[in-house]
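Numbering (full-length UniProt numbering), first residue to last: 1 to 345. Ideal Cβ positions, reconstructed from N, Cα and C, are used throughout, including at glycine.
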């Protein structure tokens with residue numbers, strides 16, 4: 001269900017409309033595609049702002065309604081230190097508004113008054129609210145990762161209420177979304193207090209990898225094979241695979257999948273990534289040491305391209321399966337995507 005205060009178009013645009021100053025008289029909005037989403041919004045706003053509070057609102061679809069109970073539009077309002085924001089989806093696309101005044105985003109949609117009725121039951125109603133536990137850049141990454149701009153609007157399925165539910169949950173419960181957890185260590189060869197190693201969400205990981213690797217280009221990719229435990233004397237069938245990238249800045253990045261999480265690490269010393277994971281020794285012995293499995297030159301791409309491949313539409317983030325979707329499936333998928341065809345070994 002939709003109809004915030006429709007501008008008259010029934011064509012879903014697959015674009016985001018952003019009004020950065022919704023409380024000012026002169027409109028200065030931007031139309032943003034999915035491909036432009038992260039870069040353009042990063043240039044337009046302070047994406048490091050914390051979302052402090054989030055609110056879920058509803059309003060009637062038609063002014064003649066007696067209640068919002070069955071037919072209503074749903075949208076999200078959230079607050080950062082300096083701004084009020086709204087985000088919503090309807091049959092035109094996704095809209096984000098920003099204002100110094102709550103009323104300009106809560107009571108208005110694209111500078112027109114939101115539909116209300118004649119009683120308190122058909123007003124703009126606060127349904128629920130919560131503290132926020134994420135940042136603007138993480139919310140942007142979430143929108144991009146889930147492909148919400150390209151996801152067609154459906155009256156009964158992917159509608160405004162479905163979208164509002166997802167956004168409210170992402171902002172209010174992000175610290176509890178264990179399925180998104182990644183163990184990240186940005187300096188695995190340095191003392192633990194210097195790296196800030198620990199668990200973060202995928203949406204935070206995407207931003208941190210971009211910030212830490214903006215000038216780094218992949219030059220080599222390797223898969224390593226490790227036993228599952230240190231007692232194994234054979235690893236033909238039972239083993240763990242992980243990927244290590246070498247960049248043109250002589251840095252190394254490892255990434256691997258486990259049943260309940262991902263691990264990504266960065267170091268100047270590759271041996272640390274080969275022999276340790278999450279600051280613990282990898283299992284191995286004289287019979288089954290950690291050893292190289294495949295090696296090739298890498299396509300001249302960035303680490304952010306790796307993030308895009310893995311997590312756009314959650315491509316490689318499907319439910320772990322010990323047989324069909326395990327560390328081997330993950331490592332070989334990444335390797336096949338980013339090796340340039342010239343096998344080193």
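Helix, strand or coil at residue i according to DSSP, with G and I counted as helix
{"i": "residue 93", "result": "strand"}
{"i": "residue 222", "result": "strand"}
{"i": "residue 6", "result": "For residue 6, the pLDDT reaches just 48, beneath the cut-off of 50, and the residue's location in the model is therefore unreliable, although a value from the coordinates is still provided. Coil, per DSSP."}
{"i": "residue 209", "result": "helix"}
{"i": "residue 40", "result": "helix"}
{"i": "residue 45", "result": "coil"}
{"i": "residue 182", "result": "strand"}
{"i": "residue 339", "result": "strand"}
{"i": "residue 161", "result": "helix"}
{"i": "residue 59", "result": "strand"}
{"i": "residue 262", "result": "strand"}
{"i": "residue 286", "result": "coil"}
{"i": "residue 144", "result": "helix"}
{"i": "residue 237", "result": "coil"}
For residue j and residue i, the rounded distance between their alpha carbons
{"i": "residue 102", "j": "residue 85", "result": "8 Å"}
{"i": "residue 94", "j": "residue 219", "result": "38 Å"}
{"i": "residue 72", "j": "residue 100", "result": "26 Å"}
{"i": "residue 305", "j": "residue 266", "result": "16 Å"}
{"i": "residue 238", "j": "residue 288", "result": "11 Å"}
{"i": "residue 297", "j": "residue 247", "result": "11 Å"}
{"i": "residue 149", "j": "residue 235", "result": "44 Å"}
{"i": "residue 322", "j": "residue 252", "result": "27 Å"}
{"i": "residue 363", "j": "residue 128", "result": "Nothing can be reported for residue 363, as the shown portion of the chain is limited to 1 through 345."}
{"i": "residue 130", "j": "residue 173", "result": "9 Å"}
{"i": "residue 329", "j": "residue 118", "result": "58 Å"}
{"i": "residue 326", "j": "residue 314", "result": "15 Å"}
{"i": "residue 7", "j": "residue 166", "result": "Note on residue 7: pLDDT 46, under 50, position unreliable in the model; the coordinate value appears next. Distance between the alpha carbons of residue 7 and residue 166: 25 Å."}
{"i": "residue 295", "j": "residue 272", "result": "18 Å"}
{"i": "residue 105", "j": "residue 23", "result": "8 Å"}
{"i": "residue 293", "j": "residue 303", "result": "21 Å"}
{"i": "residue 299", "j": "residue 62", "result": "54 Å"}
{"i": "residue 80", "j": "residue 318", "result": "32 Å"}
Proximity below 8 Å, CB of residue i to CB of residue j
{"i": "residue 11", "j": "residue 60", "result": "no"}
{"i": "residue 18", "j": "residue 96", "result": "yes"}
{"i": "residue 171", "j": "residue 133", "result": "yes"}
{"i": "residue 262", "j": "residue 254", "result": "no"}
{"i": "residue 189", "j": "residue 268", "result": "yes"}
{"i": "residue 145", "j": "residue 311", "result": "yes"}
{"i": "residue 122", "j": "residue 161", "result": "no"}
{"i": "residue 87", "j": "residue 56", "result": "no"}
{"i": "residue 20", "j": "residue 47", "result": "no"}
{"i": "residue 281", "j": "residue 229", "result": "no"}
{"i": "residue 70", "j": "residue 37", "result": "no"}
{"i": "residue 199", "j": "residue 181", "result": "yes"}
Bridge partner(s) assigned by DSSP for residue i
{"i": "residue 131", "result": "53"}
{"i": "residue 31", "result": "17"}
{"i": "residue 280", "result": "277"}
{"i": "residue 242", "result": "224"}
{"i": "residue 329", "result": "Per DSSP, none; premise fails for residue 329."}
{"i": "residue 79", "result": "53 and 84"}
{"i": "residue 192", "result": "Note: residue 192 sits in no beta bridge, so no partner."}
{"i": "residue 187", "result": "Answer by DSSP bridge pairing: none, since residue 187 is not bridged."}
{"i": "residue 108", "result": "113"}
{"i": "residue 126", "result": "57"}
{"i": "residue 291", "result": "225"}
{"i": "residue 348", "result": "As displayed, the chain neither begins before 1 nor continues past 345, which places residue 348 out of reach and without an answer."}
{"i": "residue 247", "result": "218"}
{"i": "residue 252", "result": "246 and 267"}
For residue i, the nearest candidate out of the options (CA to CA)
{"i": "residue 83", "options": "110, 172 and 54", "result": "54"}
{"i": "residue 26", "options": "221, 57, 66 and 111", "result": "111"}
{"i": "residue 347", "options": "24, 292, 339 and 257", "result": "There is no way to answer for residue 347, as the model of the chain reaches only from 1 to 345."}
{"i": "residue 209", "options": "318, 78 and 141", "result": "141"}
{"i": "residue 163", "options": "291, 90, 113 and 299", "result": "90"}
{"i": "residue 279", "options": "249, 245, 185 and 120", "result": "185"}
{"i": "residue 52", "options": "78, 39 and 58", "result": "78"}
{"i": "residue 49", "options": "320, 139, 107 and 221", "result": "139"}
{"i": "residue 74", "options": "245, 159, 13 and 80", "result": "159"}
Residue-level contact to chain B via CB, residue i, 8 Å cutoff
{"i": "residue 114", "result": "In the structure shown, chain B does not exist; there is a single protein chain."}
Residue i CB to nearest heavy atom of the ligand ADP below 7 Å
{"i": "residue 47", "result": "The ligand ADP is absent from the structure shown, which contains no ligand whatsoever."}
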